[in-house]
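Below: the structure, in structure tokens.
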């Protein structure tokens with residue numbers, strides 16, 4: 004082909020531009036090939052890149068380092084997570100596909116199974132703060148330690164995780180603690196979406212409809228704050244939070260092992276200060292609309308709602324029983340005593356307590372039930 008076109012150009016039947024067009028190359032490239040053909044014959048037409056290493060080829064030392072890291076500190080990590088750590092922590096500049104191919108070629112990673120049938124996802128809320136998800140997942144989050152519950156509160160519009168922490172057991176206190184943390188920092192959302200766990204709802208018949216006429220402590224607090232509480236009736240309805248927990252269960256334990264963390268307090272600091280910012284940067288999305296539905300709220304009034312509140316009758320010795328603690332009421336200028344009076348005992352997420360008579364704060368107590376120095380005052 005080249006010799007035929009060259010012959011036609013040589014005889015004046017084709018211009019250099021026309022010859023190049025016939026061969027699918029530029030005029031300049033045709034000129035170079037003509038010179039190489041005249042000097043070397045057919046050998047001059049061979050691609051000179053053949054047999055030469057590509058300038059984009061990954062250096063052998065980088066390949067060996069990658070394989071060594073995956074076989075050591077990152078053994079068992081999924082490839083996407085491993086590649087992110089290579090780039091972020093080790094300055095690696097080679098692509099995810101290359102890493103995956105190399106690991107599969109060395110038998111260190113398996114090919115992903117074919118995805119199942121596509122299912123349409125529920126549309127996200129358009130604004131941040133229109134709906135939050137709260138859920139817990141029990142797993143061995145800390146290597147070699149008993150299973151713990153991870154309590155997560157996430158925005159539906161963006162999948163941003165606002166709060167995540169480990170506790171020994173999920174329940175009313177952990178839920179209120181998470182809500183206080185999120186509402187103090189973000190504001191009040193329009194609604195909260197949860198499962199039908201007993202700390203969220205009373206369900207008279209197992210697997211049946213929830214009873215909203217008998218709110219739990221969490222339900223009462225949300226009602227006081229004007230936040231709609233939505234119950235999920237199937238695992239599929241909680242698909243967004245379920246997928247989020249799949250990601251956390253795969254990544255978080257490995258990150259904690261890598262950081263050498265084996266205690267709850269250290270783990271919770273790491274989750275809040277290190278893991279969540281990276282997780283949200285990687286997985287959170289933009290809301291469809293820029294406005295936010297959160298309503299600003301001060302922490303102090305929030306704490307008086309996001310707590311366990313129970314009614315008690317004051318005993319003859321001017322004390323109130325709460326669990327295994329007896330709370331001594333102080334002397335008051337308002338009345339001689341509170342014997343047989345109805346009072347409210349509030350237990351806050353941090354374990355401290357307070358006794359109220361109507362709107363009046365009679366006394367605050369530490370976690371052991373001992374009076375603190377705040378005395379009594381009118382509640383704000």
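In this note's numbering, the protein residues as written are 4 to 383.
Even for Gly, the Cβ is constructed at its ideal location relative to N, Cα and C.
Quick caveat: nothing in here was measured; it's all calculated off a predicted structure.
Within 10 Å of its beta-carbon, does residue i have 16 or more other beta-carbons around it, so buried, or fewer, so exposed?
{"i": "residue 160", "result": "buried"}
{"i": "residue 291", "result": "exposed"}
{"i": "residue 131", "result": "buried"}
{"i": "residue 208", "result": "exposed"}
{"i": "residue 282", "result": "buried"}
{"i": "residue 247", "result": "buried"}
{"i": "residue 107", "result": "exposed"}
{"i": "residue 93", "result": "exposed"}
{"i": "residue 220", "result": "buried"}
{"i": "residue 88", "result": "buried"}
Can you tell me which of the three DSSP states residue i falls into?
{"i": "residue 158", "result": "strand"}
{"i": "residue 359", "result": "strand"}
{"i": "residue 99", "result": "helix"}
{"i": "residue 203", "result": "coil"}
{"i": "residue 217", "result": "coil"}
{"i": "residue 379", "result": "Confidence at residue 379 is low in this model, with a pLDDT of 42, below 50, so its placement is unreliable and the value that follows should be read with caution. Three-state result, residue 379: coil."}
{"i": "residue 82", "result": "helix"}
{"i": "residue 33", "result": "helix"}
{"i": "residue 18", "result": "coil"}
{"i": "residue 290", "result": "coil"}
{"i": "residue 151", "result": "strand"}
{"i": "residue 91", "result": "helix"}
{"i": "residue 64", "result": "helix"}
{"i": "residue 312", "result": "strand"}
{"i": "residue 367", "result": "strand"}
{"i": "residue 348", "result": "strand"}
{"i": "residue 333", "result": "coil"}
{"i": "residue 196", "result": "strand"}
For residue i, which of the options has the nearest alpha-carbon?
{"i": "residue 310", "options": "150, 184, 296 and 250", "result": "184"}
{"i": "residue 275", "options": "154, 243 and 105", "result": "154"}
{"i": "residue 327", "options": "76, 293, 371 and 296", "result": "371"}
{"i": "residue 267", "options": "106, 204 and 149", "result": "149"}
{"i": "residue 4", "options": "27, 15 and 348", "result": "27"}
{"i": "residue 319", "options": "252, 33, 343 and 163", "result": "343"}
{"i": "residue 293", "options": "104, 133, 347 and 273", "result": "133"}
{"i": "residue 169", "options": "313, 14, 141 and 12", "result": "141"}
Could you tell me the distance, in whole angstroms, from the CA atom of residue i to the CA atom of residue j?
{"i": "residue 139", "j": "residue 263", "result": "24 Å"}
{"i": "residue 151", "j": "residue 354", "result": "20 Å"}
{"i": "residue 113", "j": "residue 83", "result": "13 Å"}
{"i": "residue 315", "j": "residue 362", "result": "15 Å"}
{"i": "residue 271", "j": "residue 167", "result": "8 Å"}
{"i": "residue 325", "j": "residue 300", "result": "29 Å"}
Any beta carbon of chain B sitting closer than 8 Å to that of residue i?
{"i": "residue 213", "result": "This model lacks chain B altogether; it includes just one protein chain."}
> Can we say the segment 184 to 196 touches the segment 215 to 232, given the rule of at least three CB pairs closer than 8 Å?
Replying inline: Yes, the segment 184 to 196 touches the segment 215 to 232.
>> Can you confirm whether the segment 89 to 103 touches the segment 123 to 143 when touching is taken to mean that 3 or more C-beta pairs between the two stretches lie within less than 8 Å?
In response: The segment 123 to 143 and the segment 89 to 103 do not touch, with fewer than 3 CB-CB distances between them shorter than 8 Å.
> Okay, do the segment 332 to 345 and the segment 297 to 307 touch, 3+ Cβ pairs below 8 Å being the bar?
Replying inline: The segment 332 to 345 vs the segment 297 to 307: no contact.
>> Three or more C-beta pairs under 8 Å: does that hold for the segment 250 to 268 against the segment 145 to 158?
In response: With the cut-off at 8 Å, the segment 250 to 268 and the segment 145 to 158 touch.
>> Contact between the segment 201 to 221 and the segment 160 to 180 is defined here as three or more beta-carbon pairs at a separation below 8 Å; is this criterion met?
In response: The segment 201 to 221 is in contact with the segment 160 to 180.
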